[in-house]
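Take a look at the structure set out below.
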Amino acid sequence: MYISTSFVAFLAAVDTAQALQFSDGASAASDIKRSVADLTGSLFKRQGRCPSVWGDISKELTSQFLSDGQCNDAARAAIRAAFHDCFNGACDGSLILANECANDENKGLQDICGKLDSLAKDKKVGVADLIQFAGAHAIKTCPQGPIVPVKVGRKDSSTASPLGLLPRGDASGDDLLKLFASKGFSTTDLVALIGAHSTAKQFNADASKAGASLDSTPGEWDVKYYSETMENKAPFTIKADKNLADHADAGASFKAFAASQGGWAAAFVPAMVKMSMLGVEGDLVDCTSALPGGSGKRDVKRAPIADRFHW
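Residue numbers for the sequence shown, in mature numbering (1 follows the signal peptide of the UniProt record, and there is no 0): -19 to -1, 1 to 292.
So this is what it looks like as structure tokens:
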């Protein structure tokens, strides 16, 4: 769910009031006011109006990402592109602007890179911002996909990021944990993020099975990826994913997310926001409101009782 500043402020006030229940009343009130100001200030450092062009962009992306009520190959590519632009350096648009899409490690992204490049030029928006907006839009386009808060105002760069920093398809669980930890991600963050493979298809790990999906429902944002990876029931499983599922530390999160759509969403959203801000500095403008509404009511009705939260 998208949380308003007023609601965040209310929660902060309640939590602080409870923590200070034995404090002097006037002092507690002052502390509460300060805590609310600090929290809302850090979450929404700049309150600006999202440019209307992002609403226009959202409509165009919906037409590209949705087919027969499910997210399609273009949406999958957009989700992958959002990760690939950020992880090997910064979320700076170099995936497109430095033609990193032509690199072997980005094979399969050429089409989405071309489409986003053209859209950025047509709408006169930043490429780095568009890549992250498209990724968040694609996630929400998928049935049961959560709303990932998205901001605009990044600085574009045409300087290529170093090669060889993206996770290998055969990486061990330990190597994956170390790699993501070096970027500030916890084990839970990593396992939550890799769940995006719920909508993925592989084309490079095994050419003889090109197009094979990583779970049985690639058009939906669901937790079958976790259970099917653990149980060797997925149409195709990348070796690194299986290594992580079998890892002593990461395995517990795999099991937890396999049992809870809501639990996965609660972990995925902040991890993806963190990913979208790697190497980003300066004030940004919140454009979450421009994302599509998705199929919220239908998704809530389909979810188990314990998971009926609209993220």
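Ideal Cβ placement from N, Cα and C applies to all residues, glycine included. As the structure is a prediction and not an experimental result, all values here were calculated from the model.
{"Item": "Looking only at its chain, what residues have a beta carbon closer than 7 Å to the beta carbon of ALA221, apart from the 5 residues adjacent to it on each side?", "Value": "PRO148, ARG149, GLY150, ASP151, ALA152 and LEU157"}
{"Item": "Going by other Cβ atoms of all chains shown within 10 Å of its Cβ, with 16 needed for buried, is GLY126 buried or exposed?", "Value": "buried"}
{"Item": "CA-CA distance, ALA117 and ASP196?", "Value": "21 Å"}
{"Item": "Specify the secondary structure class of VAL34 as computed by DSSP and reduced to three states.", "Value": "helix"}
{"Item": "Please report the distance separating the alpha-carbon of GLU86 from that of PHE217.", "Value": "19 Å"}
{"Item": "For ASP203, collect the residues of the same chain with a Cβ closer than 7 Å to its Cβ; drop the 5 residues on either side in sequence, then sort them by chain order.", "Value": "GLN125, SER179 and GLN242"}
{"Item": "Mind checking ARG61: buried by the 16 CB within 10 Å criterion, or exposed?", "Value": "buried"}
{"Item": "Check whether the Cβ atoms of VAL108 and LEU78 lie closer than 7 Å to each other.", "Value": "yes"}
{"Item": "Could you please give the first and the last residue of the uninterrupted alpha helix (DSSP H) stretch that includes ILE219?", "Value": "Where ILE219 is concerned, there is no enclosing alpha helix (DSSP H), given that its DSSP letter is neither H nor E."}
{"Item": "Taking the straight line between their C-alpha atoms, what separation do you get for GLY232 and ASN224?", "Value": "9 Å"}
{"Item": "Mind checking THR140: buried by the 16 CB within 10 Å criterion, or exposed?", "Value": "exposed"}
{"Item": "With DSSP as the reference, label LEU47 as helix, strand or coil.", "Value": "strand"}
{"Item": "Among TYR206, SER163 and ASP92, which has the Cα closest to the Cα of ALA181?", "Value": "TYR206"}
{"Item": "Which class does LYS105 belong to by DSSP, given the choice of helix, strand or coil?", "Value": "coil"}
{"Item": "Taking the alpha carbon of ASP110 as the reference point, which residue from PRO251, CYS31 and ALA240 has its own alpha carbon closest?", "Value": "CYS31"}
{"Item": "Residue ranges of each alpha helix (DSSP H) run of no fewer than 4 residues wholly in the stretch 127 to 214, ordered along the chain?", "Value": "154 to 162, 168 to 175 and 205 to 211"}
{"Item": "Please return the same chain residues whose Cβ sits closer than 7 Å to the Cβ of ASP5, not counting the five positions on each side in sequence.", "Value": "Since pLDDT at ASP5 reaches only 41, below the 50 mark, its modelled position is unreliable, and the value read off the structure follows with that caveat. Closer than 7 Å at Cβ, skipping near neighbours: no residue."}
{"Item": "Measure the alpha-carbon distance for GLY154 versus LEU171 and round it to whole angstroms.", "Value": "11 Å"}
{"Item": "Considering only the beta carbon of each residue, do residue 295 and LEU90 sit closer than 7 Å?", "Value": "Absent from the model: residue 295. The displayed extent of the chain is -19 to 292, so no value can be given."}
{"Item": "My guess is that GLY260 and ASP73 are in contact by the Cβ rule of under 8 Å, so how many angstroms apart are they, rounded?", "Value": "6 Å"}
{"Item": "Nearest to GLN113 by CA position, among SER75, LEU146, LEU144 and PRO143, is which residue?", "Value": "SER75"}
{"Item": "With a CB to CB cut of under 8 Å and the five nearest residues on each side skipped, what residues in its chain are close to LEU97?", "Value": "ALA59, ALA62, ILE77, VAL108, LEU111, ILE112 and ALA115"}
{"Item": "Name the one or two DSSP bridge partners that VAL266 has.", "Value": "VAL133"}
{"Item": "Tell whether a beta-carbon distance below 7 Å holds between SER208 and ALA177.", "Value": "no"}
{"Item": "Less than 7 Å separating the beta-carbons of THR122 and LEU47?", "Value": "yes"}
{"Item": "What distance in whole Å lies between the Cβ atoms of ALA226 and PHE235, which are believed to be in contact at a cut-off of 8 Å?", "Value": "5 Å"}
{"Item": "Using the Cα positions of ILE93 and HIS65, report the straight-line distance between them to the nearest angstrom.", "Value": "12 Å"}
{"Item": "Please classify GLU201 as buried or exposed, where buried requires at least 16 other C-beta atoms within 10 Å of its C-beta.", "Value": "buried"}
{"Item": "By the three-class DSSP mapping on this structure, what secondary structure does CYS72 have?", "Value": "coil"}
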